[in-house]
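Which chain is which? The protein sequence lines are A and B, in order. Every letter in the first sequence is one number past the one before it in numbering that gives the first Met the number 0, and letter 271, counting from 1, is 270. Every letter in the second sequence is one number past the one before it in numbering that gives the first Met the number 0, and letter 88, counting from 1, is 87. Think of the CB as a built atom: it goes at the ideal place given N, C-alpha and C, for glycine as much as any other residue.
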Amino acid sequence: MAVTEKELGEILAKLPSKVQKNRSKHILIKDDCKPDQEIEANTRTIPGIITNRGCAYAGCKGVVLGPLKDMIHIVHGPIGCSYYAWGTRRNKAKTADPADNFLNYCFSTDMQESDIVFGGEKKLAATIDEVMKIFNPKAITISATCPVGLIGDDIQSVAKAAEERHGIQVMAFNCEGYKGVSQSAGHHIANNILMDKVIGNSSEEKAAKPFAINLLGEYNIGGDGWEIERVLKEIGYHVVSVMTGDGSYEELRVAHTAELNLVQCHRSINYIAEMLEVKYGTPWLKVNFIGIQSTIESLRNMALYFGDEALRKKTEEVILREVAKIQPQIDQYRKICDGKRAFCFVGGSRGHHYQGLFAELGIETVLAGYEFAHRDDYEGRKVLPTIKTDADSKNIPELHVERDTSRYQVKLPPEIAAELSKKIPLSDYPGLNVDMQNGSIVVDDLNHYETEEFIRLLKPDIFASGIKDKYVVQKMGIPAKQIHSYDYSGPYAGFGGAVNFARDVSMAFASPTWNFITPPWQDQPLLDGQINEGGAA
Amino acid sequence: MLDATPKKLAERTSGSMINPAKTCQPIGAMYAALGIHRCLPHSHGSQGCCSYHRMHLTRHFRDPVMASTSSFTEGASVFGGGANLKTAIKNVFEIYDPDIMAVHTTCLSETIGDDVPTIIRQAEVPEGKVVFHANTPSYQGSHITGFSNMTKAMVTYFAESQLAEKEERVNIIPGFINPGDMREIKRITAAMQIPFTLFPDTSGVVDSPMTGSFQMYPRGGVTLPELKKTGDAKLTIALGRFASSDAAETLEKKCKVRAATLRTPIGIKATDAFVMALRGAFAVEVPRELEEERGQLVDIMTDTHFHFHGKRVAVFGDPDIVAAMTEFLLSLGMKPIHVLTGTPGGALGSGMAGFEGEVKEMLSAAGISGNVKSAGDLFTLHQWIKNEPVDLLIGNTYGKFIAKAEDIPFVRLGFPVLDRSVHSYLPVVGYRGAMRLIEMISGALLDRQDRDAADEDFELVM
Chain A
0 MAVTEKELGE ILAKLPSKVQ KNRSKHILIK DDCKPDQEIE ANTRTIPGII TNRGCAYAGC
60 KGVVLGPLKD MIHIVHGPIG CSYYAWGTRR NKAKTADPAD NFLNYCFSTD MQESDIVFGG
120 EKKLAATIDE VMKIFNPKAI TISATCPVGL IGDDIQSVAK AAEERHGIQV MAFNCEGYKG
180 VSQSAGHHIA NNILMDKVIG NSSEEKAAKP FAINLLGEYN IGGDGWEIER VLKEIGYHVV
240 SVMTGDGSYE ELRVAHTAEL NLVQCHRSIN YIAEMLEVKY GTPWLKVNFI GIQSTIESLR
300 NMALYFGDEA LRKKTEEVIL REVAKIQPQI DQYRKICDGK RAFCFVGGSR GHHYQGLFAE
360 LGIETVLAGY EFAHRDDYEG RKVLPTIKTD ADSKNIPELH VERDTSRYQV KLPPEIAAEL
420 SKKIPLSDYP GLNVDMQNGS IVVDDLNHYE TEEFIRLLKP DIFASGIKDK YVVQKMGIPA
480 KQIHSYDYSG PYAGFGGAVN FARDVSMAFA SPTWNFITPP WQDQPLLDGQ INEGGAA
Chain B
0 MLDATPKKLA ERTSGSMINP AKTCQPIGAM YAALGIHRCL PHSHGSQGCC SYHRMHLTRH
60 FRDPVMASTS SFTEGASVFG GGANLKTAIK NVFEIYDPDI MAVHTTCLSE TIGDDVPTII
120 RQAEVPEGKV VFHANTPSYQ GSHITGFSNM TKAMVTYFAE SQLAEKEERV NIIPGFINPG
180 DMREIKRITA AMQIPFTLFP DTSGVVDSPM TGSFQMYPRG GVTLPELKKT GDAKLTIALG
240 RFASSDAAET LEKKCKVRAA TLRTPIGIKA TDAFVMALRG AFAVEVPREL EEERGQLVDI
300 MTDTHFHFHG KRVAVFGDPD IVAAMTEFLL SLGMKPIHVL TGTPGGALGS GMAGFEGEVK
360 EMLSAAGISG NVKSAGDLFT LHQWIKNEPV DLLIGNTYGK FIAKAEDIPF VRLGFPVLDR
420 SVHSYLPVVG YRGAMRLIEM ISGALLDRQD RDAADEDFEL VM
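Right, dumping it as structure tokens:
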């Protein structure tokens, strides 16, 4: 069931004219006859629009830094920002010594009015000293919240002085919430400093084992990273680091030793992937470990990259065994899901990644989009040169790295790389649009009004999104699946994860609870009676 | 779990928080504003604030929490958020059509000094629609302060004294409690046949029924005409000094409505005080229905006292709830030896004084010496517990880390409860709420006894 331009126009026509003009550029109907459909993305949300978007701080501390388990992440600001990013994202982690894992802790300078008036630098320095004394961590991060930038606290200098006092790395991130237009700005800020200060900050020159890889943009939500690693390790890969789910300071430092970087979430980590290639000559491969076919394809592409026959064989062997194990279960769940239709609106990569898994269950994605992606996440990296910078994107510093002359290694001869690039997404991401069905909707920064309207128009059977619209959708009698937090389930990645996802989605459809929405008295007459001969009885 | 927390009490002078027991003002303001019928809360700050507050409230209530944002960018932060707020006001009314928009500030808009009332005056507000505001700087107080400030704004903006004589009606300000508690307070007041206005009233908003269709503005919430008439009521009962008394005192000053501040009616003594205050002010008999409930509660308390008597308890959370809960624990013969709130216990208006004093007085009257702290954090509470262990921990979901680390039975109470459901629908206030609390406390303690019992000591009847 395709949406027509007329229907789309009618939805937008109800909006104020300026909003209408803006929003029409963020929505497209996929048309297979038009190969280069453009969408506007990574621009300001209009004030008053009920958006799902968050802020730069959420992207920096909440997404990228937060999962690094053996560092202490101090949030410099009033209490709320640190509080809301405490344990709410399900990035799981374990450490050999549980005392090295700080993920269940929350650190805030808890700025008070006097700190706003007189500056918070002293309080921040005292907080660092206190944290060092009590916890003695390997490294510390400081994330700035809105008022920090406004009052001009120099957190970089505070960090530098603390490094000198304590002899550990203390890194400051100027990720004030007002920077950029969404979480995306914060990803970039976090990427820059991790690349600049941590990655490669080690005397290790060579990975401990062959087939060494980094897994970038995997946050181990619900244990996704562990399910992916299980398979990678079995095939024979050496996972040097995961950025940043279950990630650690120590792993990040040696990440330069990997021979290949896998990129799962392109949006949040492509900066590091690119910089690793420039600095160390390590190419990156766009992977997708959500869904069975996507996982298989990602594993085969990795094997192609390394070009090792034993590795290729082992890859096929593991694929065969894993698929044989899960396919019968998937087939059962498919019986429940087949023919259903989904909306898939998530973050910066999952809006794309989950479509394959939905399809394997017989569920068609009729609307998809991202909360904070850029045009390249929709249209592919080929559009990168044409993306215009604006006032908001200019405010995010670009880090320019240079070739590390002693460590740079050509991992693939150019002619082989060129050949491989024809077969696998080597240092490339073709984006979401190419995978959308003809007539389906692609929407950037979907808002509440459009959510209601598109549901009315397309009547999906399931809505894959986040917590803020979950219950809005469920009130309409439509199951909503949180793809940020997995409704506290998971893992959903890899082979094992596909079964979990199939089970949970099937449960949402099969639950008898939906059958009770209409009370019995609503469609039954109040009085029971029979018409007998001669009148009512 | 929390393995990096040492037993030795850490000397802490930085003023920072480790594992906080409070959050910031705007979320409280957003929650309070949801308690007005057809009102859309609006967060004047970065998108992240609004997103985080909606996320957290939604996870606690498992119901839609609608709110809009001024979506500040760096430009707005430099040049002021006036244009953003004006655009937001226009768009909100055109697209989402609330009757009322409740603007609250954030640390961002406060730090740059946006003059919100002036911006509102300059904005295009459609005929018949209303925009009001509360200043809720995140760097003062806590989410409870934010709730209090938004509730006070309802009084300063809307309350009117129109009649020469006050009406036989009570205003009740419930504080930052669940809709299930608000329903129970209304039921008790209605049972006493006293006309009332409860504000804010989130029942019917964040505990709305499943009907198969989404209502952006559900049936619940106090109405604007009701808010206006609060100035003509003869009494305001503020339940909870921290969340409610500021609004009640403001109403007293503005419209000469007598204000009485009571504890949140958690437990028998606080509920008695609430019922007696209503009885005294309106000269009505306490109905048999309530007397029977009270009798049932006392029956349960006496019959099962050996389940809980003498047990040592740590309780933390929001100050009004913790103070009332401490009182109830004492009524049960329990020993609250660690009592902590994250909300600062002084400054800011007459209602904000002395959490520590209030609780210490109760403890000393009961002959109990314990640790009491306002503006505390859960790292401190955990250290206290490591040094002086307890039999039971009571608090919001964040307590589960300590409960697991120290293997302590845990009862979830207050905001937020993110890992259990139904809590927001059922009361902990009133006599029936007290029964429910005993069920929760006894259940937690006896489950533990069962879990730890050797086979030969495993009891069928307890």
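Neighbour flag for glycine 294 of chain B against chain A, beta carbons, 8 Å | Cβ-Cβ to chain A under 8 Å: no for glycine 294 of chain B.
In chain order, which beta strand (DSSP E) runs of at least 3 residues are fully inside the stretch 151 to 218 of chain A?
-> Entirely contained in the stretch 151 to 218 of chain A, the beta strand (DSSP E) runs reaching 3 residues are, in chain order, 168 to 172, 211 to 217.
Which residues does DSSP pair with tryptophan 283 of chain A in a beta bridge?
-> Looking at the DSSP assignment, tryptophan 283 of chain A forms a beta bridge with A:Asn260.
Residue burial classification, serine 16 of chain A (beta-carbon count within 10 angstroms, cutoff 16) | Flag for serine 16 of chain A reads exposed.
Serine 70 of chain B: contacting residues in chain A (beta-carbon distance under 9 Å) | Those within 9 Å of serine 70 of chain B in chain A are Arg43, Thr44, Ile45, Pro46, Gly47, Ile48, Thr50, Arg52, Val180.
Rounded to whole angstroms, what's the CA-CA distance from tryptophan 225 of chain A to histidine 237 of chain A? Just pull it up for me.
-> Rounded to whole angstroms, tryptophan 225 of chain A to histidine 237 of chain A spans 13 Å at the Cα level.
If I'm right that leucine 107 of chain B touches phenylalanine 71 of chain B with Cβ under 8 Å, what's the distance once you round it to whole angstroms?
-> Confirmed, Cβ separation roughly 6 Å.
Nearest-angstrom beta carbon gap, leucine 289 of chain B and alanine 190 of chain B [assumed within contact, 8 Å] = Rounded, the Cβ-Cβ distance is 6 Å, consistent with contact.
Where the beta strand (DSSP E) through arginine 257 of chain B begins and ends = Here the beta strand (DSSP E) through arginine 257 of chain B covers 257 to 261.
Is the Cβ-Cβ distance between lysine 464 of chain B and aspartate 390 of chain B less than 8 Å?
-> Given a span of 0 to 461 for chain B in the structure shown, any question on residue 464 of chain B remains unanswerable.
How many Å lie between asparagine 446 of chain A and asparagine 51 of chain A at the Cα?
-> One C-alpha to the other measures close to 7 Å.
Quick one: is glycine 79 of chain B near chain A, going by C-beta distance under 8 Å?
-> It does not: the Cβ of glycine 79 of chain B has no partner Cβ on chain A nearer than 8 Å.
Note down the Cα distance separating leucine 456 of chain A from isoleucine 78 of chain A, rounded to an integer number of angstroms.
-> Between leucine 456 of chain A and isoleucine 78 of chain A, the alpha-carbon positions lie close to 42 Å from each other.
So which residues on chain A does valine 91 of chain B lean against when the C-beta distance must stay under 8 Å?
-> Taking a Cβ-Cβ threshold of 8 Å, the residues of chain A close to valine 91 of chain B are Gly47, in chain order.
Does valine 18 of chain A get closer than 8 Å to chain B when you measure Cβ to Cβ?
-> Yes, valine 18 of chain A lies at the interface with chain B (some Cβ there is under 8 Å from its Cβ).
Among all the DSSP beta bridges, which residues are the ones paired with alanine 322 of chain B?
-> Paired residues: none, contrary to the question.
Would you mind reading off the limits of the alpha helix (DSSP H) that contains proline 413 of chain A?
-> Bounds of the alpha helix (DSSP H) holding proline 413 of chain A are 413 to 420.
So is lysine 385 of chain B in contact with chain A if we call contact Cβ pairs under 8 Å?
-> With its beta carbon at least 8 Å from every one in chain A, lysine 385 of chain B lies outside the interface.
Straight-line Cα distance separating threonine 281 of chain A from leucine 275 of chain A | The alpha-carbon atoms of leucine 275 of chain A and threonine 281 of chain A are separated by roughly 6 Å.
In terms of residues, what are the limits of the alpha helix (DSSP H) holding asparagine 386 of chain B?
-> For asparagine 386 of chain B, the enclosing alpha helix (DSSP H) starts and ends at 377 to 386.
If we ignore side chains and look at the alpha-carbon of each, how far apart do glutamate 109 of chain B and lysine 29 of chain A end up?
-> Approximately 44 Å, taken between the alpha carbons.
For the candidate residues B:Asn177, B:Ala28, B:Lys165, B:Lys372, whose alpha-carbon lies nearest to that of proline 426 of chain B?
-> Scanning B:Asn177, B:Ala28, B:Lys165, B:Lys372 for the CA closest to the CA of proline 426 of chain B turns up B:Asn177.
Methionine 529 of chain B versus glutamate 4 of chain A: straight-line alpha-carbon distance, rounded | It is not possible to answer for residue 529 of chain B, since the shown part of chain B is limited to 0 through 461.
Does the beta-carbon distance from phenylalanine 281 of chain B to isoleucine 172 of chain B come in below 8 Å?
-> Between phenylalanine 281 of chain B and isoleucine 172 of chain B, the CB-CB gap reaches or exceeds 8 Å.
Segment limits, beta strand (DSSP E) that includes arginine 52 of chain A = Note, arginine 52 of chain A: premise wrong, no beta strand (DSSP E); not H, not E.
Runs of alpha helix (DSSP H) lying entirely within the stretch 330 to 413 of chain A, each at least 4 residues, in chain order | Complete alpha helix (DSSP H) runs here, min 4: 349 to 359, 374 to 378, 390 to 393.
Got a sec: is the Cβ-Cβ distance from glycine 442 of chain B to anything in chain A below 8 Å?
-> Any Cβ of chain A closer than 8 Å to the Cβ of glycine 442 of chain B would place that residue at the interface, and such an atom is absent.
Cutoff 8 Å: glutamate 397 of chain A Cβ touching any chain B Cβ = Not closer than 8 Å to any Cβ of chain B, the Cβ of glutamate 397 of chain A fails to qualify, so no.
Since proline 136 of chain B is in the alpha helix (DSSP H), which residue starts that stretch and which ends it?
-> Neither: proline 136 of chain B is in no alpha helix (DSSP H) and is coded neither H nor E.
Got a sec, what are the start and stop residues for the alpha helix (DSSP H) methionine 181 of chain B sits in?
-> Run containing methionine 181 of chain B: 178 to 190, per the alpha helix (DSSP H) assignment.
Is the stretch 368 to 375 of chain A in contact with the stretch 36 to 55 of chain A, if contact means three or more CB pairs nearer than 8 Å?
-> Three or more pairs of CB atoms, one per stretch, sit closer than 8 Å, so the stretch 368 to 375 of chain A contacts the stretch 36 to 55 of chain A.
At a Cβ cut of 9 Å, what residues of the stretch 51 to 66 of chain B count as close to chain A, listed as they run along the chain?
-> Shown in chain order are the members of the stretch 51 to 66 of chain B whose Cβ falls below 9 Å from a Cβ of chain A: Tyr51, His52, Arg53, Met54, His55, Thr57, Arg58, Phe60, Arg61, Asp62, Pro63, Val64, Met65, Ala66.
Between the C-alpha atoms of glutamate 357 of chain B and glycine 294 of chain B, what's the straight-line distance to the nearest angstrom?
-> Taking the straight line from one Cα to the other gives about 28 Å.
Note the first and the last residue of the continuous beta strand (DSSP E) segment covering valine 102 of chain B.
-> Run containing valine 102 of chain B: 99 to 104, per the beta strand (DSSP E) assignment.
Residues that DSSP places opposite alanine 479 of chain A in a beta bridge = A:Phe462, per the DSSP bridge assignment.
Listing by chain order, which chain B residues have their CB less than 7 Å from the CB of leucine 67 of chain A?
-> One finds nothing in chain B with a Cβ atom closer than 7 Å to the Cβ of leucine 67 of chain A; even the nearest lies about 15 Å away.
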